[in-house]
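Numbering (my numbering), first residue to last: 655 to 1011.
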């Protein structure tokens, strides 16, 4: 029986199609600069249909022409509060656009002739508070785009993570009530000019926990992300948790975990949490669920969606690196029977042949 529960996985669905089915945004025709955003990739949180505000900085040569101008959807148009006009001499402008706002992103936007960055960005502690960061760069001038509107094609700059789970195990039931993404890096700087991330030099990591409704696993993979939805993470190459050499994860390697209860189908006997685990929850009761974890490796690329399917059919993973009982233990390790048949032995019991009187 396999000890790992991670079967398959990363589905890069975001980059498979453009938003060709979404209606293009019409713009006001005239001297003022207006935009018609579109998307190069598809994501859950931000699309042509639900995008409401974008923020644009324009450069004229080495000078800022305008800074962080907010353009908002008004009907089918994106208009600014107060018009910004094209240079009358047809000089070319550079545009750097993004959404959502710097306040929502949790970082500092610095765009000028020498620096074009989102600085001090951090992934929100709660998945429900994470945002879909999108950007677009373009150059244009009055003679080309005054009447048609300046096109901006946005790309998603984070990696979207979804965790699903399944089981076809004939002997055990698996009830899941939560999910954990453990120890990816969460601090970085994005460069608008190169469209690249630079991660924090200290390689700080974090753990994200989400709850979901009680989900009994079946043969069909089910999302266990809960009402908060999918996670938005920094693009990065993951260093996996070393279960054997570093069970309590002192090196802070990456892992996925689910909050699960495992019971025997016929008897209902609780197999996990472990019978020896008497850890009490916040109500003072011995906990009914515990974390089952698996190392996480690979590379997350920006603009990509990764769907991880945790398959419990042939195993239960390992106890969580933060588990108070014993981190890194195998869950549902197969029971092997070593059978020995002792040879027949002579009894050598004498029999009285005279019979019984």
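For every residue, glycine included, the Cβ atom is placed at its ideal position computed from N, Cα and C.
Quick check: what's the CA-CA separation for residue i versus residue j?
i: residue 955; j: residue 963; result: 18 Å
i: residue 890; j: residue 867; result: 30 Å
i: residue 931; j: residue 817; result: 26 Å
i: residue 975; j: residue 802; result: 57 Å
i: residue 885; j: residue 814; result: 6 Å
i: residue 1000; j: residue 987; result: 40 Å
i: residue 914; j: residue 902; result: 19 Å
i: residue 910; j: residue 877; result: 14 Å
i: residue 696; j: residue 788; result: The predicted position of residue 696 is uncertain, since its pLDDT is 40 and thus under 50; a value taken from the coordinates is nonetheless stated next. If I take the Cα positions, the gap works out to 11 Å.
i: residue 743; j: residue 689; result: 20 Å
i: residue 786; j: residue 771; result: 17 Å
i: residue 727; j: residue 800; result: 18 Å
i: residue 702; j: residue 804; result: 16 Å
i: residue 981; j: residue 768; result: 49 Å
i: residue 952; j: residue 892; result: 6 Å
i: residue 851; j: residue 845; result: 6 Å
i: residue 863; j: residue 718; result: 42 Å
i: residue 826; j: residue 917; result: 6 Å
i: residue 721; j: residue 713; result: 9 Å
i: residue 808; j: residue 798; result: 20 Å
i: residue 686; j: residue 796; result: 9 Å
i: residue 820; j: residue 847; result: 42 Å
i: residue 680; j: residue 894; result: Since pLDDT at residue 680 reaches only 29, below the 50 mark, its modelled position is unreliable, and the value read off the structure follows with that caveat. Answer to the nearest angstrom: the Cα atoms are 47 Å apart.
i: residue 810; j: residue 888; result: 11 Å
i: residue 996; j: residue 966; result: 38 Å
i: residue 754; j: residue 936; result: 37 Å
i: residue 857; j: residue 839; result: 6 Å
i: residue 873; j: residue 822; result: 5 Å
i: residue 983; j: residue 708; result: 49 Å
i: residue 899; j: residue 985; result: 17 Å
i: residue 904; j: residue 949; result: 14 Å
i: residue 790; j: residue 871; result: 41 Å
i: residue 745; j: residue 793; result: 10 Å
i: residue 704; j: residue 843; result: 26 Å
i: residue 756; j: residue 957; result: 19 Å
Is the separation between the beta-carbon of residue i and that of residue j shorter than 7 Å?
i: residue 781; j: residue 882; result: yes
i: residue 750; j: residue 765; result: yes
i: residue 710; j: residue 723; result: yes
i: residue 853; j: residue 776; result: no
i: residue 947; j: residue 972; result: yes
i: residue 836; j: residue 861; result: yes
i: residue 762; j: residue 773; result: yes
i: residue 978; j: residue 933; result: yes
i: residue 732; j: residue 725; result: yes
i: residue 906; j: residue 859; result: yes
Where does the unbroken alpha helix (DSSP H) through residue i begin, and where does it stop?
i: residue 757; result: 756-759
Just reading off the beta strand (DSSP E) that residue i is part of, what are its end residues?
i: residue 717; result: 717-728
i: residue 709; result: 707-714
i: residue 847; result: Residue 847 -> no beta strand (DSSP E), and no H or E assigned at all.
i: residue 751; result: 747-753
i: residue 862; result: 859-870
i: residue 686; result: Neither: residue 686 is in no beta strand (DSSP E) and is coded neither H nor E.
i: residue 764; result: 762-765
i: residue 774; result: 770-776
i: residue 733; result: 731-734
i: residue 878; result: Residue 878 -> no beta strand (DSSP E), and no H or E assigned at all.
i: residue 940; result: Where residue 940 is concerned, there is no enclosing beta strand (DSSP E), given that its DSSP letter is neither H nor E.
i: residue 925; result: 924-926
**Report entry** Whole runs of the beta strand (DSSP E) within the segment 882-915, excluding any shorter than 3 residues
**Finding:** Taking only runs of at least 3 residues, the beta strand (DSSP E) segments lying wholly in the segment 882-915 are 885-887, 890-892.
Query raised in the report: Where are the alpha helix (DSSP H) runs, 4 residues long or more, that stay fully inside the segment 946-1000, in chain order?
Result: none
Query raised in the report: Along the chain, which unbroken stretches of the alpha helix (DSSP H) at least 4 residues long are found entirely within the segment 783-829?
Result: Annotation note: the segment 783-829 contains the following uninterrupted alpha helix (DSSP H) runs of length 4 or greater, listed N- to C-terminal: 796-799.
Query raised in the report: Within the chosen definition, does the segment 830-837 reach the segment 934-953 through at least 3 CB pairs nearer than 8 Å?
Result: yes
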